[in-house]
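So for the sequence shown, our numbering puts the first residue at 57; every next one is plus one. The beta carbon of each residue, even a glycine, is placed where N, CA and C say it ideally should be.
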Amino acid sequence: MKIYTKTGDSGETSLIGGTRVPKHHLRIETYGTVDELNSWIGLLRDQDVDDHSITTLLEVQDRLFTIGSRLASDPDTSRMKLPELCEDDILHLESEMDRMETELPELKSFVLPGGHTIVSYCHVARCVCRRAERLVSQLKEVSPVEDRILRYLNRLSDYLFMLSRHFAQTLNAPETPWTPRM
Numbered sequence: 057m058k059i060y061t062k063t064g065d066s067g068e069t070s071l072i073g074g075t076r077v078p079k080h081h082l083r084i085e086t087y088g089t090v091d092e093l094n095s096w097i098g099l100l101r102d103q104d105v106d107d108h109s110i111t112t113l114l115e116v117q118d119r120l121f122t123i124g125s126r127l128a129s130d131p132d133t134s135r136m137k138l139p140e141l142c143e144d145d146i147l148h149l150e151s152e153m154d155r156m157e158t159e160l161p162e163l164k165s166f167v168l169p170g171g172h173t174i175v176s177y178c179h180v181a182r183c184v185c186r187r188a189e190r191l192v193s194q195l196k197e198v199s200p201v202e203d204r205i206l207r208y209l210n211r212l213s214d215y216l217f218m219l220s221r222h223f224a225q226t227l228n229a230p231e232t233p234w235t236p237r238m
């Protein structure tokens with residue numbers, strides 16, 4: 057099977073279920089942003105980080121593929137069985153954050169992104185995750201989207217922030233508090 061099909065040459069693509077939509081369709085933009093997020097998570101996972109974080113990030117990447125497949129499916133026409141996103145997936149992110157929070161100093165202000173390349177990758181992934189969350193929220197206004205997807209992305213962005221703090225501490229990188237000029 058060839059990777060190129062030439063069916064998208066006119067600026068349209070197919071959703072799971074066969075519906076043809078323009079490549080700029082909100083649904084395409086939404087799952088494309090989830091795909092971008094998955095790539096940033098992959099870059100983060102490829103850094104010199106601890107095995108536990110790698111395992112969790114691999115799980116996150118799997119869930120992002122699940123989310124992408126569900127977003128790429130036409131809710132009106134697709135009959136294909138798709139992987140499920142479960143409540144336990146959200147609870148897993150929450151428990152990971154709770155675990156990290158016990159090891160970190162109390163946060164007393166906003167923190168400027170940066171301090172180490174790995175920390176910065178976490179922040180970039182967090183920002184892309186927030187964009188994906190905004191797009192899912194927008195898509196949900198015009199088409200059915202499972203609530204769980206929005207909740208998972210919301211927790212994931214929080215997890216990525218906590219992971220940035222975890223790595224800052226592990227790498228002995230500075231966390232620079234934001235001090236607003238008044």
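Alpha carbon of residue i to alpha carbon of residue j, nearest angstrom
i	j	result
Ser-199	Thr-75	14 Å
Tyr-60	Val-90	22 Å
Met-153	Thr-122	22 Å
Thr-88	Pro-230	Before going further, note that residue 88 is Gly rather than Thr in the sequence given. Approximately 33 Å between the Cα atoms of the pair.
Lys-6	Val-77	Past the edges of the chain, shown from 57 to 238, lies residue 6, and the structure says nothing about it.
Ser-70	Thr-235	48 Å
Arg-83	Pro-131	11 Å
His-108	Val-167	24 Å
Glu-150	Tyr-215	8 Å
Ile-110	Thr-133	37 Å
Gln-117	Glu-197	26 Å
Ile-72	Glu-189	21 Å
Asp-144	Arg-237	42 Å
Glu-92	Arg-155	27 Å
Gly-98	Ser-165	29 Å
Given residue i as reference, the closest of the options once Cα atoms are compared
i	options	result
His-179	Met-218, Val-77, Asp-65 and Asp-118	Met-218
Asn-94	Pro-169, Trp-234 and Thr-112	Thr-112
Glu-157	Asp-130, Gly-64 and Ala-224	Ala-224
Gly-170	Pro-233, Glu-202 and Gly-124	Pro-233
Ala-181	Asp-65, Leu-71, Thr-63 and Trp-96	Trp-96
His-81	Glu-189, Ala-128 and Leu-138	Ala-128
Gln-103	Glu-159, Arg-190, Arg-187 and Ser-176	Ser-176
Asp-106	Ile-174, Arg-187 and Leu-206	Ile-174
Residue i: CB within 7 Å of a non-hydrogen atom of the ligand FAD
i	result
His-108	Summarising the ligand content, the structure contains no ligands, and the ligand FAD is consequently not present.
Sub-8 Å separation of residue i and residue j beta-carbons
i	j	result
Gly-67	Lys-79	yes
Thr-86	Leu-212	no
Val-192	Leu-209	yes
Arg-126	Glu-202	yes
Leu-120	Arg-101	no
Leu-160	Arg-221	yes
Gln-146	Arg-207	The sequence shown places Ile at residue 146, not Gln. Cβ atoms of Ile-146 and Arg-207: closer than 8 Å.
Whole-angstrom C-beta distance between residue j and residue i, which should lie under 8 Å
i	j	result
Leu-227	His-148	Not confirmed; about 24 Å, so no contact.
Leu-141	Arg-204	5 Å
| query | Of all the alpha helix (DSSP H) runs that stay within the bounds of the region 149-175, which reach a length of 4 or more residues? | reply | Every candidate alpha helix (DSSP H) stretch fails here, since none sits fully inside the region 149-175 while reaching 4 residues.
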